[in-house]
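Okay, so here's the structure we're looking at.
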Amino acid sequence: MADDYQGPERVLSGVQTSGKLHIGNYLGALRKFVDLQKEVDCFFFLADMHSITVWQDPDALRAQSYNIAASYLAAGVDPDKSTIFHQSAVPAHAELAWIFNCVARLGWLDRMTQFKDKAGKDKERASVGLYTYPVLQAADILVYKATHVPVGEDQKQHLELSRDIAGKFNYDYGVANFFPLPEPLIKGQFGAAGARIMSLRDGTAKMSKSDPSENACLFLADDVDTLARKVKKAKTDPETLPSEPGGLEGRPEAANLVGIYAALSGKTDAEVLADFGGQGFGAFKPALAELVVEKIAPIGDELRRLEADPDYLAGVLRAGAEKASAIADPLVAEVKSIVGFVR
Ligand code: TYM
């Protein structure tokens, strides 16, 4: 569908508050936020409403909400440049989501692979919220008429759905180009590196907050020793590293570790392999551990410092919610009028 939207460029993204952030969240999302805020009007929120699509202990959710806000700031998201807030603090998201529930088609949602993965075999017992989750995501984006959405590769399908919802709303209500068709920004500053970081225990599974093994993830909050230990214990294969990326074919664990090195160092896989090709993991892992510690441990230190100051974090989030509402509330009022609601 052609997009002739004429409005300003605006960036929006969010992270669920369902667990500590890991290096996949950092490379797939947060690091892009930090770059983008220098150039464009940016909205970065904490998706607490998405989190409760699976059970969250309320006290843990509260703590995580501050932990993730602290992670944003520690990674370099700047409250003076970006608008940072909790999704639940801006009711316009939920209001627009309801209207979008009536625009989106069951067939579209039936195709969402993330629902299938998360619901597992027993989908009858999954929450209705988990099913309509991508509709709320479309509302998150379009309630600010965001044009660009920095995310990891796993969110690509949800972004396609957001575009479909925007396009159908514009068409059904005869308001051409009212909503932009938002574009995902999946590649990072250094190309594809970082778009999909895999588990350290299984190179074919995505690194995920919900992985039961602590050793599968490098968390931003891990201390120096933990980061280094996890890299050294990461699953590998017995071969040496190839000297070109083609040689990583069929070696998911090796490909993942090379990818992490590339993303953190700002090199391509080919450049990393030009340096390490022919060497075994006995040489590569200590170099990777050193790089991970250099880049990630300072974020963890800053995170702990910020987490110790919840009043400051609450102030940042309150100010962000006010700024966000100032844009989202009038948009929802306009949408209600387009739909035919009277007040
Ligand atoms: P969430 O909380 O699962 O992940 C947050 C961000 O981190 C990226 N990511 C990864 N990137 C690379 N490798 C990985 N292993 C990895 N794991 C996660 C995700 O792609 C994401 O960018 N549905 C979203 C939250 C959301 C949202 C939105 C995002 C709600 N509304 C509106 C953008 C716009 C999610 O569950 O992300």
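Its first residue numbered 1423, the sequence shown is counted upward by one per residue in the working numbering.
Backbone N, C-alpha and C define an ideal beta-carbon position, used for all residues, glycine too.
Scanning 1435, 1681, 1572, 1510 for the CA closest to the CA of residue 1608 turns up 1572.
Of the heavy atoms belonging to ligand 1, none sits nearer than 7 Å to the Cβ of residue 1512. Per the Cβ contact rule, the region 1470 to 1477 is not in contact with the region 1704 to 1716 (fewer than 3 Cβ pairs under 8 Å).
Contiguous alpha helix (DSSP H) elements confined to the region 1658 to 1709 occur at 1674 to 1687, 1691 to 1698, taking only those with 4 or more residues. By the neighbour-count definition (other C-beta atoms within 10 Å, threshold 16), residue 1439 is a buried residue.
Distance from the C-beta of residue 1619 to the nearest heavy atom of ligand 1 is below 7 Å.
According to the DSSP assignment, residue 1482 belongs to the alpha helix (DSSP H) that extends over 1480 to 1497. By the neighbour-count criterion, in which 16 or more other beta carbons inside 10 Å mark a residue as buried, residue 1594 falls on the exposed side. Between the beta-carbon of residue 1447 and that of residue 1437 there is about 6 Å, and that keeps the pair under the 8 Å contact cut.
Remark: the shortest separation between the CB of residue 1518 and any heavy atom of ligand 1 does not fall under 7 Å. A direct Cα-to-Cα measurement between residue 1619 and residue 1656 gives close to 13 Å. In the DSSP assignment, residue 1733 falls within the alpha helix (DSSP H) that extends over 1732 to 1761. Taking the Cα positions, residue 1638 is about 39 Å away from residue 1601. By the beta-carbon neighbour count (other beta carbons within 10 angstroms, threshold 16), residue 1545 is exposed. Minimum Cα-Cα distance from residue 1532 among the listed residues 1520, 1554, 1469 corresponds to 1554. Contact between residue 1757 and residue 1518 holds: their C-beta atoms lie close to 6 Å from each other, under 8 Å. When the alpha-carbon of residue 1570 is set against those of 1454, 1661, 1747, 1524, the nearest one is in 1454. Not one heavy atom of ligand 1 sits closer than 7 Å to the Cβ of residue 1540. As DSSP reads the structure, residue 1541 sits in no beta bridge. Taking a contact as a CB-CB distance under 8 Å, the pair residue 1698 and residue 1663 counts as one, their CB atoms being some 5 Å apart. Counting the other CB atoms within 10 Å of its CB gives residue 1543 a total below 16, which places it among the exposed residues. It is roughly 11 Å from the alpha-carbon of residue 1645 to the alpha-carbon of residue 1652. Residue 1597 is positioned such that its CB atom lies closer than 8 Å to that of residue 1760. For residue 1683, same chain residues with a beta-carbon under 7 Å away, outside a window of 5 residues either side, are 1694, 1710, 1713 in chain order. Contact annotation, residue 1515 with residue 1565: C-beta distance approximately 6 Å; criterion of less than 8 Å satisfied.
In this structure the region 1735 to 1750 lies against the region 1494 to 1510, because at least three pairs of beta carbons, one per stretch, are closer than 8 Å.
The bridge partners DSSP lists for residue 1465 are 1434, 1505.
The nearest non-hydrogen atom of ligand 1 is 7 Å or more from the C-beta of residue 1557.
By the criterion of at least three beta-carbon pairs nearer than 8 Å, the region 1451 to 1465 is not in contact with the region 1627 to 1638.
The DSSP-derived three-state label of residue 1455 is helix. In the structure shown, residue 1620 adopts extended strand secondary structure according to DSSP, grouped into three states.
Distance between residue 1534 and residue 1509, taken at the CA atoms: about 22 Å. Following the DSSP letters along the chain, one finds residue 1531 inside the alpha helix (DSSP H) bounded by residues 1528 to 1532. Counting along the chain, residue 1449 sits inside no beta strand (DSSP E), nor does DSSP assign it H or E at all. Note on geometry: alpha-carbon atoms of residue 1688 and residue 1504 lie some 24 Å from one another. Straight across, the Cα-Cα distance linking residue 1452 with residue 1686 is about 13 Å.
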